[in-house]
Amino acid sequence: MSNSIKVESPLHHAQLDQLIGQSNKGGVILHEAALLGHLNLRGNAQDAEFLAGVQEALGLALPIMPCSSAKSELAQIMWLAPDEWLVIVASGREYDVEQKLRAYLKGHFAVSDISGAQTLIELSGENVIDLMNKSTGYDFHLEIFPVGKVVGTTFAKAGAHILRVSEDKFRLVVRRSFSDYVWLWIQQGSQEYGLTIV
Amino acid sequence: MQQYSGFGLLKHSFSYHENWQRVWSNPTPKKHYDVVIIGGGAHGLATAYYLAKEHGITNIAVVEKGYLGGGNTARNTTIVRSNYLWDEASHLYDHSLKLWEGLAQELNYNLMFSQRGVLNLGHSLQDMRDIERRVNANRLNGIDGEVLTNAQVQEMVPILNCSKNARYPVMGASWQARGGTARHDAVAWGFARAADALGVDLLQQTEVTGIRRKDGAVEGVETNRGFISANKVACVAAGNSSVIAKMVGMELPLESHPLQAMVSEPLKPVLNTVVMSNHVHGYMSQSDKGDLVIGAGIDGYNGYGQRGSFNVVEHTIAAIIEMFPIFSRVRLNRAWGGVVDTCPDACPIISKTHIKGLYFNCGWGTGGFKATPGAGHVFAHTIAHDEAHPLAKPFSIDRFSSGELIDEHGAAGVAH
Amino acid sequence: MLLIHCPYCEEMREEEEFNPAGQAHIERPLNPEELSDEQWAHYLFFRKNPRGLHHEMWLHSHGCRKYFNATRNTVTYEIMETYKMGQAPSVTASKEGQS
Amino acid sequence: MIQVNRIAQSSKRINRQRTLTFSFNGKEYEGFEGDTVASALLANGVDVVGRSFKYSRPRGIITSDSQEPNAIFQIGSTQATTIPNPRATQTDLYQGLTASSTNGWPNVDFDVMSTVGKLGGSMMPPGFYYKTFMFPQSLWMSYEHLIRKGAGLGASPQTGDPDSYDKMHHHCDVMVVGGGPAGLAAALSAAQSGARVIISDEQNEFGGSLLCSTQEIDGQIASEWVEKTVAQLADMDNVYLLPRSTVFGYFDHNLVGINERRTDHLGEHQLQSTRQRLHKVRAKQVILATGAHERPLVYANNDVPGCMLANAISTYINRYDVVPGNKLVLMTTNDNAYKTAIDWHQAGRKVVAVVDTRSTSNGELVDKVRKLGIEIIFDHAVIEVKGNKRVKGVDVAPINAANHSVTGAAKYFVCDTVASSGGWSPVIHLSSHTGSRPVWNDDIAGFVPGKTVQKQHVCGGLEGVYALSKVISDGFTTGAIASQAAGRGEGIYTGELPKINDPQEDASMALFHIPHSKKTSRAPKQFVDYQNDVTAAGIELANREGFESIEHVKRYTALGFGTDQGKLGNINGMAITAKSLGKSIPETGTTIFRPMYTPTTFGALAGADVKHLFDPARFSAMHKWHLDHGAEFEDVGQWKRPWYFPQQGETMQQSLERECLATRNSVGILDASTLGKIDIQGKDAREFLERVYTNPWKKLAVGKCRYGVMCNEDGMVFDDGVTVCLDDNRFIMTTTTGGAAGVLQWLELWHQTEWPELEVYFSTVTDHWSTMTISGPNSSKVLDKICDIDVSNDSFMYMDWREATVAGIKARIFRISFTGELSFEINVQANYGMPAWKAVMAAGEEFNITPYGTETMHILRAEKGFIIVGQDTDGSVSPQDLDMDWVVGKKKEFSYIGKRSWTRFDNKRENRKQMVGLKPKDPNFVLPEGAQIVFDKNQSIPMTMVGHVTSSYYSACMGYSFALAVVKGGINRKGESVFLPLSDGNTVEAEICSPVFYDPKGDRQNV
Ligand SMILES: Cc1cc2nc3c(=O)[nH]c(=O)nc-3n(C[C@H](O)[C@H](O)[C@H](O)COP(=O)(O)OP(=O)(O)OC[C@H]3O[C@@H](n4cnc5c(N)ncnc54)[C@H](O)[C@@H]3O)c2cc1C
Ligand SMILES: NC(=O)c1ccc[n+]([C@@H]2O[C@H](COP(=O)([O-])OP(=O)(O)OC[C@H]3O[C@@H](n4cnc5c(N)ncnc54)[C@H](O)[C@@H]3O)[C@@H](O)[C@H]2O)c1
Ligand SMILES: Cc1cc2nc3c(=O)[nH]c(=O)nc-3n(C[C@H](O)[C@H](O)[C@H](O)COP(=O)(O)O)c2cc1C
Ligand SMILES: [Zn+2]
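Going down the list, the protein sequences come from chains X, G, W and U.
Numbered by my numbering, the letters in the first sequence go through residues 4 to 201 in order.
Numbered by my numbering, the letters in the second sequence go through residues 825 to 1240 in order.
Numbered by my numbering, the letters in the third sequence go through residues 1123 to 1221 in order.
Numbered by my numbering, the letters in the fourth sequence go through residues 38 to 1044 in order.
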């Protein structure tokens, strides 16, 4: 589509770009990884053909262990359910990656482009665990929640999938229509630590 | 029966209250009763009372596994109203409300029945449509009711958050002035005392463990104190009804769920009506002792533990603060749960069964306290005549096969 | 408040992530038309609702969106086991010596 | 202002460097940092702190902790920050604290109610309410009004709370509740074996009983050991310390609820900080080390200020350097309380006598007291206290505890303070919260935790282990065992034990209720539960009247109903009940312990889920535009949807008429993004639709759309919407906004539980698409300007869908119509929602394209007789009732969901309520939605209602008002009149007609 069009990510109205650099000593650091390509992939993890197809299409083995993820140049894949994955690709790549998947996959599978449906919020900083503990009942201890793990859980009163990117960095997958609520929640929850937007 | 009165109190104070009679005796079970009532909650006791008083059947035992009035009767938020949606339901509940209105005098026991009025808040256009529909139905059924605007609600309850900025602004409410609250324990004790005076045996700490049958008819009940034979057995076991039904190999269209309630520390009077909101899921009144009596939403899973999940308490209190921001610094004193027997159509079952002499009064779910006198009254009639009281007919268990459900979910929502 | 093991996520999760979904192992009659109204009503509305061991369904709504079964004591709220759709419980009332 | 009762510096718990001033009942006082309000008041010699609830008797401070029933205050200086009912004994003093009593008028020293109390008191036995105020019935409300005047303790704030609250979740291997010797030892050994440990204590610092103990550990005063141990714990990063944190509840599956008071000790209100934080801990193992509470004895006039718990007095002396009197009489059933006599003596005040109910004791503490030359009177008890606002003296008499009698003449002792100890009751509350019943232990004459299904351990005083050396070793061992159970360590404590020599103690006596020379009913009041004025006589009366179950006693007398939840009085009440019924205490049993352990602030329970965060508000991608254009919003589920777009000075009705006319005459635009959308893929998708929808789907061609209705198994409509066929095995289903989540769950339920063999996947794409519906005769002209495909009728037909670009944006366009006008539903990827919307608005400008909201949409669809599920249906309406037989598949081979139920008796009834249209006789009168319908307007109440109005509007396009309604047998009653008796008393007439009012032939959607 013509790039003259002003696309708006779910948190566009928060005007995060104008908040960048305003405070830099926040215990919580937030970044919206906006406008990436999101694909919802369904298929049978027991079906070797399906696994092979994904492997070829994405050059990446499908993570089939519960709550696991995988990453390559092209894509990051998060396990959502035994037969469901979230494939995240660079902005604008969603279309051809979907086509690629459709080309390589046979039998019973499904792909849905949901790039408009959600956004990625990256949270980091020395107090990020405190904020997480305020927001979800999941255990963020590294033994339980190692780097690379993905959990689908509640985030305050919204749902979210949370990926641990590094010891003190998380990626939240948040539904578009809930993103404003999550944004408000994060602001109030990080008040005592300070919030830095990057 | 020893008469109660202010004068009596004065008289007894001279003898240091040493000569008060027992309110009920503690009999040993007889071998046989005409009617055995399973369950010494307010419904069971009312049933016994009306059987004895209006149908001349006095050879009755009320069999209670714990203490009288210790089930949901002991743990409900005591809201009394009759502004239900469908004719069948509102007629039954209003029959009950009319009985409430003279009950303290009839039982010579102050039930602290307080007609302080009940507000059902509306927070959405559909809420208001449902309210309008329900109130109109009530009025044409001869049941008092009004639709109030946001402004009228604010005037009636100044401490209620009626601001347009609330997350779910109050758009209006239905108001039933005759509604209110009653002292739950007094209701059980008042009926028990009156039933005892009419010759009813109240058997506490007596648990029914089985029901004996012979060619399709009941013979009596097995209990931890031995077999008690009976011509008729009436089950009024609320949350435990399915357990009783199982004793005769029956299943019922019931699910028993935890339902929780809680009270704040006692406060000086701040709220003199009952305020209910299905939309934000909280409802509250203030007791004569001063504690805020708060009802929670139902727990989704089945549970007989008389306790629910903590997150329900958290949500309920959040809802109360949403409605009444001034209570944020008030403190919660106690929370508890009961076991409510819910029906698919949120209406009770008052019914004969395919077993001769076996009757059920159950399925009141979250809202049967208000029905206590009425339910006891029509159930007693049903038992005595072995035929449903006209008001009870629509609540037969057969409705689930015929499809004649009386769906109170639609407009009554949380049916307290 | 319950802590529930999702057999698909293979982890213990907070109750808030789930929705209870009623009695387990109820099968939809293959030929509804041939059932009497009573039989149909039974399928629609009548439930075991046991006091004690219960087999029930839960939906991991905020997790993997999968329905699964649990064997739970409805008095103590202990969860004896959770198991996938289509599987049979290994703990049952009879085995537990209850009825 | 001198603190008369403050003695020379010895405790490290208070900081003499920091003097704090505060006011109580309008008078100024001074205290020190580290004081509680109670210790400061006692330091200042304040005796009367309140009036009793029922009899209005003067009351003083009795305890030093969570048991306190009397010192219940109103604390705070403003209507926003005031707090009702905090306990003075648990409230840390801060500079400027303002407190007042919650009862007593005009003031606690002179209270008029007390005279009423004295006179009326005798007429107010338990249950007196139930016995009077009955006649006449009409008067109860006014009686009640009077009674309510006296109700309650503190007063609620009158404005919103300026403070904020939040919550935190935690997970740990071992959660230790209680930071006394047992808890600290347990936490330390658990942490040392590698466990993740959380330890919380409700006091302002850790140490529990050791904070007021004179005992030595390793040759140093016990509090040194506390400091050392706490420091050790603080150093470990696997340990999380929570002082000032009350565990208010122990919930199923080892969830522990903790309320941390973060700023209450700093002042009335702190800007920008969390006042209280609720911690929710999921622990693998829980160690309860909540200790034991001392029990008072029940004797005549035991509520006169100056009567206190022995251990409380020791606490005030040792922890706060406060001696709450001059002349002490101590009454005890055990050795342990002799400590109090020693402490009092060492504080330099007079111990008049120790009255011991036992025949003798040779324990070390007793000998020590003997050596101090203090008179000890065995086989005696304090049977009655003299005094009103302060103890003046006591009658001490020989008693025979066994047969509850006074066996000789009483001797009068002058004193101003009476300490009593009836032994100790383990703090079993938490262990009982999940349904476990406590068990009686004869050795300690108290209840201890019983069997539980929780992963719970107990140690220390809670177990009835009282000797400090044992308490600490018990703690170490339990900590090790618990952490092993959590998978850490070997389960044995290997560290060394501190050296402690515990005084040898003789057996104590199980005595609760002190006899009086008069029988209980005639003796002066012997209080059991102070807060509710429950007396021994009252309990016996309840028993006499037949209230024999301990639960009946509780509910009849209010025993344990207070804000201390019976911590002080319950066991005594049970003992008295047992005695009067001739039962044992275990036979009598306890009432049920429930959360809250101590009262918990509403704000903390709600946390941050208040105001705008009470519930998520969901927005579409175009929300900002709607805001900028002055939309009023309607709450639909969690969504905020534009309701209508008022322009300068317009009434709502005017806006609606403008929006409707613009749409019918030119073109309007609606944000329809909130409708649920489900992407259905797989070779069996079609078959699946066939089973969940009532109408057939086998023949829906690629490129086509179809409307469908979904029923529950009971045959009643529960959702509807359009489903489009993308290709043979892929469909997009739209649902109602409110139904979206429910429908997806519904589909998954059937797929996962009943038809797993069907190859189909469902994914929600609701949020992926922004949907704008342009509707009206000019809609194609607008679209044509910015769309890359031919949108004319003959190439893009009704119920077709197309892929296209709109203003250069990829779009899926559905040619479906909910307004009856020519309409296009444009779906674009939501990140493009706003630009697409703006582009359409720009293109539509020349046609005066008009944004409309849900209300106009409702009017337009109603003119066409289209239903809104949830408004025109209520869960009791079948497709047949809606006169929508056309949507009911007759020849579908699968018995789809809902079908079977239609053949039930009730569904076949002739006179079911059926959907019809209504035309009011007065074309300008809009029937109220929800108005009830009758056939016979002259019938008297109760009237026979035959239906109601579900939707009703004034139609600007048609120039008259109209409504949709359900009416019994309505489908065959078209043309008949019905009546609507309205709440204002008027009855209006209307005519039953077809629900399709506008363009019945449906030409307009093809103009
Ligand atoms: C938290 C809560 C709030 C509520 N709020 C309201 C409200 O505001 N308004 C309202 O109208 N209703 C309310 N209800 C519902 C109301 O409490 C009940 O519908 C009503 O009390 C039912 O009365 P009952 O006598 O039938 O049941 P119960 O009082 O429960 O009596 C049943 C008795 O049967 C006994 N029993 C069971 N099994 C056996 C056996 N095998 N042998 C012997 N005895 C047995 C039980 O011990 C129990 O005492 C509420 C309920 C709860 C739990
Ligand atoms: N010899 C006797 O007769 C006798 C009798 C009783 C107690 N004691 C003494 O009592 C002590 C017992 O030690 P212990 O550690 O078992 O008890 P403890 O009383 O020393 O400590 C218990 C701690 O738990 C805290 N607590 C209680 N409930 C709580 C809750 N719900 N939330 C948060 N904190 C809570 C209390 O604030 C207290 O600090 C020993 O020092 C023993 O000498 C002696
Ligand atoms: C209307 C009502 C008011 C109550 N008020 C109080 C109260 O002020 N204090 C209290 O401790 N409990 C109060 N309770 C709760 C009871 O103590 C008790 O928790 C409840 O009856 C359930 O019984 P259980 O906890 O023994 O299972 C109240 C209960 C009801 C139904
Ligand atoms: Zn899961």
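Just so you know, even glycine gets a beta-carbon here, dropped at the ideal spot from N, CA and C.
Report yes or no: is there a C-beta of chain W within less than 8 Å of the C-beta of residue i?
i	result
L664 (chain U)	no
G56 (chain X)	no
L1076 (chain G)	yes
A78 (chain X)	no
Going by the C-beta, is residue i closer than 7 Å to any heavy atom of ligand 1?
i	result
T901 (chain G)	yes
E930 (chain G)	no
I862 (chain G)	yes
Establish whether the CB of residue i and some CB of chain U are separated by less than 8 Å.
i	result
G1227 (chain G)	yes
I8 (chain X)	yes
Quick one: does residue i have its CB under 8 Å from some CB of chain X?
i	result
A658 (chain U)	yes
S230 (chain U)	no
First and last residue of the beta strand (DSSP E) that includes residue i?
i	result
M1202 (chain W)	1201 to 1206
Y449 (chain U)	448 to 451
Q313 (chain U)	311 to 325
M982 (chain U)	982 to 992
Taking 8 Å as the threshold (beta carbon to beta carbon), is residue i in contact with chain G?
i	result
F1168 (chain W)	yes
H1182 (chain W)	no
Is there at least one non-hydrogen atom of ligand 3 closer than 7 Å to the beta-carbon of residue i?
i	result
H466 (chain U)	no
T1097 (chain G)	no
W1160 (chain G)	yes
R631 (chain U)	yes
Just to confirm the assignment, what range does the alpha helix (DSSP H) spanning residue i have?
i	result
D665 (chain U)	660 to 665
L712 (chain U)	No alpha helix (DSSP H) holds L712 (chain U); DSSP gives it neither H nor E.
G610 (chain U)	607 to 618
L781 (chain U)	777 to 790
Y530 (chain U)	Premise fails: Y530 (chain U) is in no alpha helix (DSSP H) and is neither H nor E.
Under 7 Å: does the beta carbon of residue i sit that close to some heavy atom of ligand 2?
i	result
T1196 (chain G)	no
Using a threshold of 8 Å, state whether the C-beta atoms of residue i and residue j are closer than that.
i	j	result
T773 (chain U)	V924 (chain U)	no
V1044 (chain U)	P814 (chain U)	yes
V590 (chain U)	T614 (chain U)	yes
### Query
Counting by C-beta, which residues lie closer than 6 Å to a heavy atom of ligand 4, in chain order?
W:C1128, W:Y1130, W:C1131, W:H1182, W:G1185, W:C1186, W:K1188
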